[in-house]
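Peer 1:
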Amino acid sequence: MIVALAGGVGGAKLAHGLAMYLPPEEVTVVVNTADDFNLYGLRICPDLDTVMYTLAGVANPETGWGIAGDTFAALEMISRYGRSTWFRIGDRDLATHVIRTSMLTQGMTLTAVTGDLCGALGVRSRVLPMSDEFVSTVLDTNDGELEFQEYFVRRRHEPEVRGVSFRGIEVARPTDAVVSALHEAELVVFCPSNPIVSIGPILSVPGMRETLEACAAPKVAVSPIVGGRALRGPADRMLDSLGHGSSALGVARLYEGLVQGFVMDAEDAAYEPDVRVLGMRVLVADTVMRDDVDRRELARRTVELGRSLVESGIGAE
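Okay, so the sequence shown: first residue is 2 according to the working numbering, each after it adds one.
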């Protein structure tokens, strides 16, 4: 079984590639939930939904998030009632949040709810929230303290990020399902997601890093930075403002000591010797996933890197 750690559109794309390259039942995706928030009394889980919709084949291909062909009649009515509509929720997407909130209110865990929703959409891979406890990302910016969605969507990630914290993380725990998946994994893939606010929260769940370190499987990370820039979102500016440097090398340093393999774009090949010094085997490849063919090919090459690590005596036998 392959376990992928993911968040955002880049993570969802590679998770989809893995589910195309391998039997989808052999892929488990552990998803960031620190960007979850409540709106109109509903629990919104952006990263979980992006992964779920992508694996179900219903994601909006133009944005990478939301549902293809969705309409916005409900949002228009909410606006008529004088409520803010800065976070755009389509009508079909709204149904997901209504059902999720109802099930959570009935006492179901987020893990169970996610499994139910994925099953209804025909998703054959397993999608797991990083924790069943509520965690929220809070950013210290030059405009003050901002909740993640306020910064990311409403402010269009324009403020400079000076610090990141995860509210509620101290009481969060990896679920039994996540722990079991990692113990059974043959390979763990860190998807090309923002290492600070997508992968970072997953690794910050108390006990998660220790579980990963105890896991026998090799770990391979895929850089979300190409030529010093993020393909989507603010990862490049965050890496710079927080002192890590917006480069494949900056990402690799964040994962030093935890991963044994690193995939970077051909545009960043000059960093290969420096990343090798960190103790990682490097694969230089085309990491830009323009279509399903690209997703599957990047997944194939990432899995093959993981298998080469096993053949070298690193990780699971």
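Don't be surprised by glycine CBs; every beta carbon is placed ideally from N, CA and C.
Is the separation between the beta-carbon of Gly131 and that of Ile203 shorter than 8 Å?
Peer 2: If you number the sequence shown from 1, residue 131 lands on position 130. If you number the sequence shown from 1, residue 203 lands on position 202. One detail in the question is off: residue 131 reads as Met in this sequence, not Gly. Yes, they are a contact pair.
Peer 1: Quick one: what's got a C-beta closer than 6 Å to Gly251's C-beta in the same chain, skipping five residues either side?
Peer 2: Along the sequence shown, one-based indexing puts residue 251 at 250. Around Gly251: Leu240 and His245.
Peer 1: Just grab the DSSP bridge partners of Ala7 for me.
Peer 2: Working through the sequence shown from its first residue, we reach residue 7 at position 6. Val32, per the DSSP bridge assignment.
Peer 1: According to DSSP, is Met265 helix, strand or coil?
Peer 2: Within the sequence shown, the letter at position 264 stands for residue 265. If DSSP states are grouped into helix, strand and coil, Met265 belongs with the strands.
Peer 1: If distances are taken between C-alpha atoms only, which option among Thr115, Gly169, Ala215 and Ala253 comes closest to Ile197?
Peer 2: Position 196 of the sequence shown holds residue 197. Nearest option by C-alpha distance: Ala253.
Peer 1: Extract the residue ranges of the beta strand (DSSP E) inside the region 242-297, only unbroken runs of 3 or more that lie entirely within it.
Peer 2: Listed in chain order, the complete beta strand (DSSP E) runs (minimum 3 residues) inside the region 242-297 are 262-266 and 282-286.
Peer 1: How many Å lie between His17 and Thr303 at the Cα?
Peer 2: Looking up residue 17 in the sequence shown gives position 16. Looking up residue 303 in the sequence shown gives position 302. In a straight line, the C-alpha of His17 is about 13 Å away from that of Thr303.
Peer 1: State the start and end residues of the unbroken beta strand (DSSP E) segment that holds Glu148.
Peer 2: For the purposes of this step, residue 148 is taken as the residue at position 147 of the sequence shown. Gly145 to Glu148 is the span of the beta strand (DSSP E), which, as asked, contains Glu148.
Peer 1: Cutting at 6 Å between CB atoms, please list the residues of its own chain near Arg351, excluding the five before and the five after it.
Peer 2: Only positions 2 to 318 of the chain appear in this structure, which leaves residue 351 out of reach.
Peer 1: Should Gln322 go down as buried or exposed, given a rule of 16 or more other Cβ atoms within 10 Å for buried?
Peer 2: Residue coverage of the chain in this structure runs from 2 to 318, which leaves residue 322 outside it and unanswerable.
Peer 1: Based on DSSP bridge pairs, tell me the residues matched to Asn39.
Peer 2: Translated into positions along the sequence shown, residue 39 becomes position 38. Bridge partners of Asn39: Arg44.
Peer 1: For Met290, which option in Ile315, Ser194, Phe38 and Pro219 has the closest C-alpha, if you only look at C-alpha atoms?
Peer 2: By 1-based counting over the sequence shown, the position of residue 290 is 289. The shortest C-alpha separation from Met290 is found at Ser194.
Peer 1: If distances are taken between C-alpha atoms only, which option among Asp266, Gln261 and Ala286 comes closest to Leu279?
Peer 2: Reading the sequence shown from its first residue, position 278 is the one you call residue 279. Of Asp266, Gln261 and Ala286, the residue nearest in Cα terms is Gln261.
Peer 1: Assuming the contact rule is C-beta atoms closer than 8 Å, Leu129 and Val31 should be a hit. Round their C-beta distance to whole Å, please.
Peer 2: Locating residue 129 in the sequence shown gives position 128, where the first residue counts as 1. Locating residue 31 in the sequence shown gives position 30, where the first residue counts as 1. Confirmed, Cβ separation roughly 5 Å.
Peer 1: Between the C-alpha atoms of Ala5 and Ser126, what's the straight-line distance to the nearest angstrom?
Peer 2: Taking the first residue of the sequence shown as position 1, residue 5 is located at position 4. Taking the first residue of the sequence shown as position 1, residue 126 is located at position 125. Using only the alpha carbons, I get a separation of about 11 Å.
Peer 1: Which residue marks the beginning of the beta strand (DSSP E) containing Gly164, and which one marks its end?
Peer 2: Counting from 1 along the sequence shown, the entry for residue 164 is found at position 163. Taken as a continuous stretch (DSSP letters only), the beta strand (DSSP E) holding Gly164 covers Val162 to Arg168.
Peer 1: Among Thr51, Phe191 and Val180, which one has its Cα closest to the Cα of Pro207?
Peer 2: In the sequence shown, counting from the first residue as 1, residue 207 sits at position 206. Considering only alpha carbons, the answer is Val180.
Peer 1: Just how far apart, CA to CA, sit Met281 and Ala113?
Peer 2: For this step, residue 281 is matched to residue 280 along the sequence shown. For this step, residue 113 is matched to residue 112 along the sequence shown. Those two C-alpha atoms are separated by around 36 Å.
Peer 1: Please report the distance separating the alpha-carbon of Pro160 from that of Glu148.
Peer 2: For the purposes of this step, residue 160 is identified with residue 159 of the sequence shown, where counting begins at 1. For the purposes of this step, residue 148 is identified with residue 147 of the sequence shown, where counting begins at 1. Straight-line Cα distance between these residues: approximately 12 Å.
Peer 1: Give the straight-line distance between the Cα atoms of Asp141 and Glu312, rounded to the nearest whole angstrom.
Peer 2: As a first step, residue 141 must be located in the sequence shown, where it is residue number 140. As a first step, residue 312 must be located in the sequence shown, where it is residue number 311. So the alpha carbons of these two residues sit roughly 44 Å apart.
Peer 1: Can you have a look at Thr106 and say buried or exposed, based on whether 16 or more other CB atoms are within 10 angstroms of its CB?
Peer 2: Position 105 of the sequence shown, counted from the start, is the residue given in the question as residue 106. With fewer than 16 other Cβ atoms within 10 Å, it is exposed.
Peer 1: Let's see if you can read the secondary structure: which residues bound the beta strand (DSSP E) around Ala60?
Peer 2: What you label residue 60 is simply residue 59 of the sequence shown in a count that begins at 1. Neither: Ala60 is in no beta strand (DSSP E) and is coded neither H nor E.
Peer 1: Answer yes if the region 67-74 comes into contact with the region 86-103, meaning at least three C-beta pairs across the two stretches below 8 Å, and no otherwise.
Peer 2: Yes: at least three Cβ pairs fall under 8 Å.
Peer 1: Relative to the C-alpha of Asp48, which residue among Phe153, Asp144, Ile79 and Gly164 is closest?
Peer 2: Against the sequence shown, residue 48 aligns to sequence position 47. Per the Cα distances, Phe153.
Peer 1: Taking all protein chains shown into account, decide if Gly12 is buried (16 or more other Cβ within 10 angstroms of its Cβ) or exposed.
Peer 2: Taking the first residue of the sequence shown as position 1, residue 12 is located at position 11. Buried, because 16 or more other Cβ atoms sit within 10 Å of the Cβ of Gly12.
Peer 1: How would you call Arg296, buried or exposed, if buried means at least 16 neighbouring beta carbons within 10 angstroms?
Peer 2: Indexing the sequence shown from 1 puts residue 296 at position 295. Buried is the call here.
Peer 1: Considering Cα atoms alone, identify which of Asn143, Gly258, Leu255 and Glu77 is closest to Arg163.
Peer 2: Position 162 of the sequence shown holds residue 163. Here the closest residue by C-alpha is Asn143.
Peer 1: Got a sec: does the ligand GTP put a non-hydrogen atom nearer than 7 Å to the Cβ of Gly67?
Peer 2: Questions concerning the ligand GTP fall outside what the structure shown contains, since it holds no ligand whatsoever.
Peer 1: Assign Ala271 to one of two classes, buried (16 or more other C-beta atoms within 10 Å of its C-beta) or exposed (fewer than that).
Peer 2: Numbered from 1 along the sequence shown, position 270 holds the residue referred to as residue 271. Exposed, because fewer than 16 other Cβ atoms sit within 10 Å of the Cβ of Ala271.
Peer 1: How about Asp37 and Ser166: are their beta carbons less than 8 Å apart?
Peer 2: Taking the sequence shown and counting its residues from 1, the one referred to as residue 37 is at position 36. Taking the sequence shown and counting its residues from 1, the one referred to as residue 166 is at position 165. No, they are not a contact pair.
Peer 1: Pro24: which of Leu40, Leu15, Ile3 and Leu43 sits nearest, CA to CA?
Peer 2: Position 23 of the sequence shown, counted from the start, is the residue given in the question as residue 24. Selected option, being the one with the closest Cα: Ile3.
Peer 1: Starting from Arg125, follow the beta strand (DSSP E) in both directions and report where the run begins and ends.
Peer 2: In the sequence shown, counting from the first residue as 1, residue 125 sits at position 124. From DSSP, Arg125 is part of no beta strand (DSSP E); its letter is neither H nor E.
Peer 1: With a Cβ-Cβ cutoff of 8 Å, do Val264 and Val223 count as a contact?
Peer 2: Walking along the sequence shown from the start, residue 264 turns up at place 263. Walking along the sequence shown from the start, residue 223 turns up at place 222. Result yes, Cβ atoms of Val264 and Val223 sit closer than 8 Å.
Peer 1: Below 8 Å between beta carbons: does that hold for Leu213 and Val124?
Peer 2: Counting from one through the sequence shown, the residue named residue 213 turns up at place 212. Counting from one through the sequence shown, the residue named residue 124 turns up at place 123. Not in contact: Leu213 and Val124 (Cβ atoms no closer than 8 Å).
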